[in-house]
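Have a look at the structure below before the remarks.
Residue numbers (this note's numbering): 10 to 108.
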């Protein structure tokens with residue numbers, strides 16, 4: 010397996026080749042790995058269960074320390090498969106904040 014990337018690895022049942030496929034995938038294929046689950050009303054409207062994450066989308070965090078918080082996607086990092094979410098309005102003691 011000296012080849013850097015091949016679409017044939019997607020068909021493989023071997024976990025090591027599946028990991029290699031995801032790790033070495035180019036950005037236009039990694040884009041498909043970063044998805045968001047839709048709420049029940051949006052599922053009926055879109056007729057899909059999930060959509061690709063885009064900058065500016067409004068999301069609700071479902072797991073972890075910030076569970077239940079709602080924010081906007083500030084950045085989608087395809088290289089590390091991470092989504093950066095910011096709160097809509099961060100207020101300071103002075104009353105100022107960023108929107």
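C-beta atoms are modelled at their ideal positions from N, C-alpha and C, and glycine is treated no differently.
For residue i, three-class secondary structure by DSSP
i, result
"residue 38", "helix"
"residue 12", "coil"
"residue 23", "coil"
"residue 102", "coil"
Assumed close pair residue i, residue j - CB separation to whole angstroms, cut-off 8 Å
i, j, result
"residue 47", "residue 57", "7 Å"
"residue 31", "residue 42", "7 Å"
"residue 68", "residue 85", "Actually they are not in contact, since the Cβ atoms of residue 68 and residue 85 sit about 11 Å apart, beyond 8 Å."
"residue 40", "residue 61", "6 Å"
"residue 83", "residue 36", "In fact, because the Cβ distance is near 18 Å, the residues do not count as touching under 8 Å."
Cut-off 7 Å between Cβ atoms - residues of its own chain near residue i, not counting five sequence neighbours on either side
i, result
"residue 90", "39, 42, 43"
"residue 65", "81, 82"
Residue i Cβ short of 8 Å to the ligand ADP heavy atom set
i, result
"residue 45", "The model depicted lacks the ligand ADP and carries no ligand whatsoever."
For residue j and residue i, the rounded distance between their alpha carbons
i, j, result
"residue 55", "residue 22", "32 Å"
"residue 29", "residue 70", "29 Å"
"residue 77", "residue 12", "43 Å"
"residue 75", "residue 92", "14 Å"
Other residues of its chain near residue i: CB distance less than 6 Å, five sequence neighbours each side excluded
i, result
"residue 19", "30"
Item to check | Uninterrupted alpha helix (DSSP H) stretches inside the stretch 30-99 (no shorter than 4 residues) | outcome: 36-39, 49-55
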